[in-house]
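Enquirer: Submitted below is the structure of interest, expressed as structure tokens.
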Amino acid sequence: MSLSATDVAVIGAGPVGCVAAIALARRGSRVTLLDATPVGKRLAGEWLHPAAVRLLNELGVPLPPSSSRESARGFVVYPEDGSDPIELAYPDGRSGLTCEHHVLVAWLRGVAGGTPGLVIRTDVRVTRVVDQTVHCLRQFGESETLSAPLIVGADGRGSVARRSLGLPDGREAVSMMASVRLTGVRLPFEGFGHVCLGGPGPVVITRIAPDAVRICLDIPPSNDRDFRSSPTLIHRYEAAVPASLRPAFREAMTHDTIEWAANQRRPRRDFGRPGLALVGDAAGHCHPLTATGMTTGFLDVDQLAKSRSFEDYRRHRTSRSLGPELLAEALHRLFSRSDPASLALRQSVYSTWRRNARERERTMRLLSGDDVGLFSFGQSFLSAAGGAATRRGGLFATGLAPWLGWLGRSVAPRVLARGVSFL
Ligand SMILES: Cc1cc2nc3c(=O)[nH]c(=O)nc-3n(C[C@H](O)[C@H](O)[C@H](O)COP(=O)(O)OP(=O)(O)OC[C@H]3O[C@@H](n4cnc5c(N)ncnc54)[C@H](O)[C@@H]3O)c2cc1C
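Numbering (my numbering), first residue to last: 457 to 879.
Structural data, given as structure tokens:
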């Protein structure tokens with residue numbers, strides 16, 4: 457059986473697919489948005505940087521009601537040595553927002569459903585894409601097809617659209633995330649995400665609703681099965697959690713269900729082909745420490761809607777994805793490792809942030825998606841490496857060679873493969 461023809465078929469009604477469908481329908485296309493499931497609860501993105509909020513405003517997408525969201529003014533980093541927390545506010549007083557993932561997706565699906573020219577179906581699992589035809593299965597096994605001149609693959613990390621292009625999966629496991637939700641607590645810095653170091657991996661604490669706070673523990677890969685038990689997690693991570701939150705943290709870790717998610721990485725090298733564009737996690741993703749997944753996906757959508765050709769879209773997004781990707785990778789490495797070189801680099805980063813307002817601003821411009829230049833990333837990295845080397849008597853004495861090796865291995869091939877400009 458064939459569904460009616462449409463101008464655009466968007467596969468996946470997650471946050472990025474919904475925004476893609478809304479953006480393309482607002483430009484006058486007839487859009488069909490397809491998903492296999494109704495909105496469910498899962499541990500995923502809850503933080504939108506200011507660039508994402510600006511794009512929603514430009515598209516005329518109303519924000520979720522204030523009773524279910526919080527404003528996000530930046531991050532506060534708690535060094536592992538117990539020294540004062542470091543505040544990294546977004547430049548120019550701007551703010552992003554936080555919202556529980558399922559609340560945000562339900563809201564965006566609601567907006568999509570009310571957009572003229574947009575039809576949303578949440579009972580169809582896409583099985584493959586052949587040329588310009590999407591093949592789907594309905595709940596009871598009935599097959600359907602839908603043809604469209606433009607197909608958008610917004611179907612997340614396990615994307616069928618991506619598989620249909622014959623691309624290798626390319627996902628790499630990085631770590632696990634364990635999370636609990638706290639109620640009735642006050643954060644030391646309300647309005648800020650708290651990144652707390654000193655555990656086996658960073659702990660990220662965010663208010664996600666007026667009455668709820670989320671604590672996420674980044675858990676390095678381990679063969680030790682006991683590592684993931686609640687008493688072990690409390691024991692290993694509690695000291696990194698700010699003292700005022702420890703009783704609630706212990707209580708939730710002991711009595712509530714711990715939510716889990718796998719943190720993976722897939723470099724954003726492939727954006728599809730003419731007639732089939734990949735957006736959001738389907739195009740690639742990085743560790744969630746920098747909370748850039750949805751913002752990056754919304755920026756994909758913005759570029760796709762503006763581009764005159766697929767090549768135009770591919771070129772723009774290829775060059776603009778690398779900076780945020782490297783920042784996420786570098787910060788996760790920096791905040792997770794305890795070898796002397798990483799500790800020296802971390803101390804150098806803290807001291808640069810503490811004394812240099814311009815460096816704090818540069819970090820936040822990179823993080824928020826305002827500045828995606830590799831030049832800025834490289835400058836920040838080299839200034840931190842220089843600081844570490846000065847403190848410890850030279851690059852090799854500090855043991856920074858592996859870090860510089862990582863930089864070379866990460867940047868050089870990607871720049872060459874993508875033809876990325878440094879500016
Ligand atoms: C622990 C964790 C924390 C994170 N925190 C943040 C954060 O704070 N901020 C941030 O920006 N990002 C964060 N991220 C990343 C963020 O969750 C993702 O970048 C974001 O969800 C990607 O959106 P998407 O729409 O591209 O894909 P998804 O959210 O994966 O949505 C894909 C949709 O496609 C549908 N689908 C899949 N396959 C099919 C099929 N075959 N047929 C039909 N439908 C299909 C799915 O049902 C789903 O609705 C985090 C990720 C993790 C794991």
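Note that beta-carbon positions come from the ideal geometry of N, C-alpha and C, so glycine has one too. Computed from a predicted structure; not experimentally measured.
Taking the CB atoms as reference points, tell me whether R525 and T554 lie closer together than 8 angstroms.
Expert: Indexing the sequence shown from 1 puts residue 525 at position 69. Indexing the sequence shown from 1 puts residue 554 at position 98. Taking 8 angstroms as the cut-off, the Cβ atoms of R525 and T554 count as close.
Enquirer: Can you confirm whether A739, when its beta carbon is compared against all beta carbons of chain B, has any partner nearer than 8 angstroms?
Expert: Considering every chain present, this structure includes no chain B. It has just one protein chain.
Enquirer: Distance, Cα to Cα, A717 vs T571?
Expert: Within the sequence shown, numbered from 1, the residue matching residue 717 stands at position 261. Within the sequence shown, numbered from 1, the residue matching residue 571 stands at position 115. One C-alpha to the other measures close to 32 angstroms.
Enquirer: Could you give the distance in angstroms between the alpha-carbon of S804 and the alpha-carbon of A617?
Expert: Translated into the one-based positions of the sequence shown, residue 804 becomes position 348. Translated into the one-based positions of the sequence shown, residue 617 becomes position 161. The straight-line gap from Cα to Cα measures roughly 43 angstroms.
Enquirer: Excluding the five sequence neighbours on either side, which residues of its own chain have a C-beta within less than 7 angstroms of the C-beta of G569, listed in chain order?
Expert: The sequence position of residue 569 within the sequence shown is 113, counting from 1. I576, listed in sequence order.
Enquirer: Based on Cα-Cα distance, which residue from L602, E600, D795, V586 lies nearest to G622?
Expert: In the sequence shown, residue 622 corresponds to position 166, counting from 1. G622 has its Cα closest to that of V586, out of L602, E600, D795, V586.
Enquirer: How many Å lie between I690 and A699 at the Cα?
Expert: The sequence position of residue 690 within the sequence shown is 234, counting from 1. The sequence position of residue 699 within the sequence shown is 243, counting from 1. Answer to the nearest angstrom: the Cα atoms are 13 angstroms apart.
Enquirer: Please report the straight-line C-alpha distance between F878 and D579, rounded to a whole angstrom.
Expert: As a working note, residue 878 is residue 422 in the sequence shown. As a working note, residue 579 is residue 123 in the sequence shown. Confidence at F878 is low in this model, with a pLDDT of 39, below 50, so the placement of that residue should be treated as unreliable; the coordinate-derived value is given next. Straight-line Cα distance between these residues: approximately 44 angstroms.
Enquirer: Which residues in the same chain have their Cβ closer than 6 angstroms to the Cβ of E536, if we skip the five residues on either side of it in sequence?
Expert: As a working note, residue 536 is residue 80 in the sequence shown. Closer than 6 angstroms at Cβ, skipping near neighbours: L653, G654.
Enquirer: Go through its chain and collect everything with a Cβ distance to L823's Cβ below 6 angstroms, but skip five positions before and after it.
Expert: To locate residue 823, count along the sequence shown from 1; it is residue 367. Cβ within range, chain order: T746.
Enquirer: Does H711 pass the burial test, meaning 16 or more other C-beta atoms within 10 Å, or should it be called exposed?
Expert: On the sequence shown, position 255 is the one that residue 711 refers to. The residue in question, H711, is exposed, as its Cβ has fewer than 16 Cβ neighbours within 10 Å.
Enquirer: Quick one: residues in its chain with C-beta nearer than 6 angstroms to the C-beta of G552, no 5 flanking neighbours on either side, listed in chain order?
Expert: Translated into positions along the sequence shown, residue 552 becomes position 96. Counting only Cβ-Cβ distances below 6 angstroms, and skipping sequence neighbours, we find L504, H505, P506, V509, A528.
Enquirer: Mind checking who Q720 pairs with in its DSSP beta bridge?
Expert: Walking along the sequence shown from the start, residue 720 turns up at place 264. In DSSP, Q720 forms a bridge with A629.
Enquirer: Just to confirm the assignment: which complete alpha helix (DSSP H) runs, minimum length 4, are found wholly within the segment 624 to 702?
Expert: 686 to 693
Enquirer: Could you check what DSSP says for E536 in three-state terms: helix, strand or coil?
Expert: Translated into the one-based positions of the sequence shown, residue 536 becomes position 80. E536 carries a coil assignment under DSSP once its states are collapsed to helix, strand and coil.
Enquirer: When every heavy atom of ligand 1 is checked, does at least one fall within less than 7 angstroms of the C-beta of P471?
Expert: Numbered from its first residue, the sequence shown carries residue 471 at position 15. Correct: P471 has its Cβ closer than 7 angstroms to ligand 1.
Enquirer: From F648 to R692, what does the alpha carbon distance come to, in whole angstroms?
Expert: If you number the sequence shown from 1, residue 648 lands on position 192. If you number the sequence shown from 1, residue 692 lands on position 236. Looking at the two C-alpha atoms, the distance is approximately 24 angstroms.
Enquirer: Work out the CA separation of P471 and R565 for me, nearest whole Å.
Expert: The residue given as residue 565 occupies position 109 in the sequence shown. The residue given as residue 471 occupies position 15 in the sequence shown. Rounded to whole angstroms, R565 and P471 show a C-alpha spacing of 8 angstroms.
Enquirer: Sorry if obvious, but does the Cβ on P520 come closer than 7 angstroms to a heavy atom of ligand 1?
Expert: To locate residue 520, count along the sequence shown from 1; it is residue 64. No, ligand 1 has no heavy atom inside 7 angstroms of this Cβ.
Enquirer: Shortest alpha-carbon distance to A800 belongs to which of G549, L856, A492?
Expert: What you label residue 800 is simply residue 344 of the sequence shown in a count that begins at 1. Of G549, L856, A492, the residue nearest in Cα terms is L856.
Enquirer: CB-CB under 6 angstroms to E715, same chain, minus the five flanking residues each way: which ones, in chain order?
Expert: Counting from one through the sequence shown, the residue named residue 715 turns up at place 259. So the qualifying residues of the chain are L499, S635.
Enquirer: Taking the continuous alpha helix (DSSP H) assigned at C592, which residues delimit it?
Expert: If you number the sequence shown from 1, residue 592 lands on position 136. Note, C592: premise wrong, no alpha helix (DSSP H); beta strand (DSSP E) at 589 to 594.
Enquirer: Does DSSP put V472 in a helix, a strand or coil?
Expert: Against the sequence shown, residue 472 aligns to sequence position 16. Reduced to three states, the DSSP call for V472 is helix.
Enquirer: My output table needs one value for V735: the three-state DSSP class, helix, strand or coil.
Expert: Residue mapping note: residue 735 aligns to position 279 of the sequence shown, counting from 1. V735: coil per DSSP, three-state reduction.
Enquirer: Can M633 be considered in contact with ligand 1, in the sense that its beta carbon sits closer than 7 angstroms to one or more heavy atoms?
Expert: By 1-based counting over the sequence shown, the position of residue 633 is 177. Yes - ligand 1 has a heavy atom lying nearer than 7 angstroms to the Cβ of M633.
Enquirer: Under a Cβ-count criterion, where at least 16 other Cβ atoms within 10 Å of its own Cβ denotes burial, should A629 be classed as buried or exposed?
Expert: Start at 1 with the first residue of the sequence shown, and residue 629 comes out as number 173. Answer is exposed; the Cβ neighbour count stays below 16.
Enquirer: Nearest to R663 by CA position, among V641, C742, G468, P676, is which residue?
Expert: By 1-based counting over the sequence shown, the position of residue 663 is 207. The shortest C-alpha separation from R663 is found at V641.
Enquirer: From L638 to M709, what distance separates their C-alpha atoms?
Expert: Walking along the sequence shown from the start, residue 638 turns up at place 182. Walking along the sequence shown from the start, residue 709 turns up at place 253. Going from the Cα of L638 to the Cα of M709 covers about 10 angstroms.
Enquirer: Between which two residues does the beta strand (DSSP E) carrying R584 extend?
Expert: Taking the sequence shown and counting its residues from 1, one reaches residue 584 at position 128. 580 to 586 is the span of the beta strand (DSSP E), which, as asked, contains R584.
Enquirer: Report yes if the CB atom of A465 is closer than 8 angstroms to the CB atom of T488, and no otherwise.
Expert: What you label residue 465 is simply residue 9 of the sequence shown in a count that begins at 1. What you label residue 488 is simply residue 32 of the sequence shown in a count that begins at 1. Yes, the Cβ-Cβ distance between A465 and T488 is below 8 angstroms.
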